[in-house]
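Report on the structure given below.
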Amino acid sequence: MAMESDVRLVGVTKRFGKVTAVDGLGLEVSRGEFVSVIGPSGCGKTTMMRLIAGLDQPDAGQIWIRGERMERVPPYERNIGLVFQSFALFPHLDVMANVEFGLRMRGESSQPRQEKAVRALRAIGMENLARRRIEQLSGGQKQRVALARALVVEPALILLDEPLGSLDARLRIEMQSELKSLQRQMGITFIHVSHNQGEALVMADRIAVMNAGRFEQVATPTEIYKEPRTRFVAEFVGRNNIFEGEVAESRNGIVRVQTRHGVFAIEGRGRAPAERQKITFVVRADSMRTVDAGGPPTENVVSGVIKGLEYAGSVMLMVLDLGSDQELKVEQHESLSLGRAAPRHGATLTVTWTAADAHLLPTPSLTAHHMPEEERDVR
């Protein structure tokens, strides 16, 4: 890596009885980077965080922080800050005492301890609330205090476990911006664990998508969203439509795929799969465009019956029944619907997308679980 690595996981494995919670994880996180680890409940992301923090011990593999092996280093010597969804603040202490707590446990004297706590509170904009009791704070203020307590010990790394999960929707959006801004300002490495893909897409420099104890893909938010490497990533991140078919033709950079719903064109992007090869491709719901019935013929057209409608402000979310047990997700922006009749349940809707909108998934031999070791799970 070009930048210095703050965290490095090498083949990290953790078992609980017969269950493998974390399976051979490999990851490098650069100094000052914000990495989000997302995945469904039970995928192993919290176990991974506990292993980095030293709260659990790996059964195999290596954990490096700032160039030092950590498997035998106790949690209190790892110089890591922790921020939890529950905040884990002491209700009998005021804000200042909560922020000072880690320094007190390290044996720092009163004067430098208070100076550092004031600096941490100033960084999060709560210096004037230093003597307020915890029960007098809002949810967002409690989250800021928890973050200040992690920052005050000047950690090499901060681990955040669902830090915004207990906040209401509006405050969560505000805190996403604040958290990312503060991380950039302080230059501290953040590893953020969440099941909320929206948080990760907004805040992270890179996202690691986890499934069944392994990383399916580690990439930038744009790559994760637009170029999923595996079917799992395509299904987990965003609203995507997945088609399976057989290559009918591959010529001049365009792959034509025969599916149950017709022949669709895809940009090969340097790949030219053989004719009759089984392939899978993805089209995002926000790439779908409605077309008028009887309009000019075009490629990549499909019709279905509207079976689901959800109004989401400036966007209408629709689900079409294509038959053959396949549904199609469509996101229609309000500005694109001007002058057209409002969609309704039971109506037939025709949609289209361009060849560039479709993303060809790698064949199973190239997915994260089967990639060569030197390419798997690292930057």
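In the numbering used here, the protein residues as written are 19 to 397.
By construction, the Cβ of each residue, glycine as well, lies at the ideal position given by its N, Cα and C atoms.
Exercise for review: Below 6 angstroms CB to CB, which residues in the same chain sit around Pro232 once its five sequence neighbours on both sides are set aside?
Suggested key: A small fix is needed here, since residue 232 is Arg in this sequence, not Pro. Excluding residues within five positions, the ones whose Cβ falls inside 6 angstroms are Asp41.
Review point. Helix, strand or coil for Val171 per DSSP?
Key: The three-state reading of DSSP puts Val171 in coil, since its state is none of H, G, I, E or B.
Point to revise | Proximal residues to His210 (C-beta, below 6 angstroms), its chain only, five neighbours per side dropped | key: So the qualifying residues of the chain are Ser54, Leu178.
Check your understanding: Considering only residues of the same chain and omitting the five flanking positions on each side of Thr277, which have a CB-CB separation below 6 angstroms?
Key -> Phe261, Gly263
Review point. Is Gly35 buried or exposed, if buried means 16 or more other CB atoms sit within 10 Å of its CB?
Key: exposed
Point to revise | Distance, Val236 Cα to Val281 Cα | key: Each residue's alpha carbon lies about 32 angstroms from the other.
Review point. What do you reckon, are the CB atoms on Pro246 and Ile225 nearer than 9 angstroms?
Key: no
Check your understanding: Which residues in the same chain have their Cβ closer than 6 angstroms to the Cβ of Ala290, if we skip the five residues on either side of it in sequence?
Key -> The residues are Ser268.
Point to revise | Where the beta strand (DSSP E) containing Lys32 begins and where it ends | key: 23-34
Practice item. Please determine if the region 75-86 and the region 145-161 are in contact, where contact requires at least 3 C-beta pairs separated by less than 8 angstroms. Key: Here the region 75-86 does not lie against the region 145-161, with fewer than 3 beta-carbon pairs under 8 angstroms apart.
Check your understanding: Can you tell me whether Arg131 is buried or exposed, with buried defined as 16 or more other CB within 10 angstroms of its CB?
Key -> Arg131 should be labelled buried.
**Study point:** Span of the beta strand (DSSP E) around Asn116
**Key:** It is not in any beta strand (DSSP E) - Asn116 instead sits in the alpha helix (DSSP H) that spans 113-123.
Review point. Starting from Val91 and walking both ways along the beta strand (DSSP E), at which residues does that stretch end?
Key: Where Val91 is concerned, there is no enclosing beta strand (DSSP E), given that its DSSP letter is neither H nor E.
Check your understanding: Residues in its own chain within less than 6 angstroms of Arg140 by CB, not counting five upstream and five downstream?
Key -> none
Check your understanding: What is the rounded straight-line gap between the Cα of Val320 and the Cα of His351?
Key -> 19 angstroms
Exercise for review: Could you give the DSSP three-state label for Gln9: helix, strand or coil?
Suggested key: Within the shown structure, residues of the chain are numbered from 19 to 397, placing residue 9 beyond reach of any answer.
Review point. By the 10 Å Cβ neighbour count, where 16 or more other Cβ atoms means buried, how is Arg3 classified, buried or exposed?
Key: The question about residue 3 has no answer, for the chain in this structure spans 19 to 397.
Point to revise | Buried versus exposed call for Lys325 [16 or more other C-beta atoms within 10 Å across all chains shown] | key: Exposed, by the Cβ-count rule.
Check your understanding: Can Met88 be considered in contact with the ligand ZN, in the sense that its beta carbon sits closer than 8 angstroms to one or more heavy atoms?
Key -> Ligands are entirely absent from the displayed structure, and the ligand ZN is therefore not among its contents.
Practice item. In the DSSP assignment, find the beta strand (DSSP E) that holds Gln235 and state where it starts and stops. Key: Counting along the chain, the beta strand (DSSP E) containing Gln235 begins and ends at 232-237.
Review point. Quick one: what does DSSP say Glu126 is sitting in, helix, strand or coil?
Key: coil
Check your understanding: Does the beta-carbon distance from Ile70 to Ile98 come in below 9 angstroms?
Key -> yes
Check your understanding: Is the Cβ-Cβ distance between Lys347 and Arg257 less than 9 angstroms?
Key -> The answer is yes: Cβ separation under 9 angstroms.
Practice item. Provide the residue span of the beta strand (DSSP E) that contains Arg10, from first to last. Key: Here the chain covers residues 19 to 397 and nothing more, so residue 10 does not appear.
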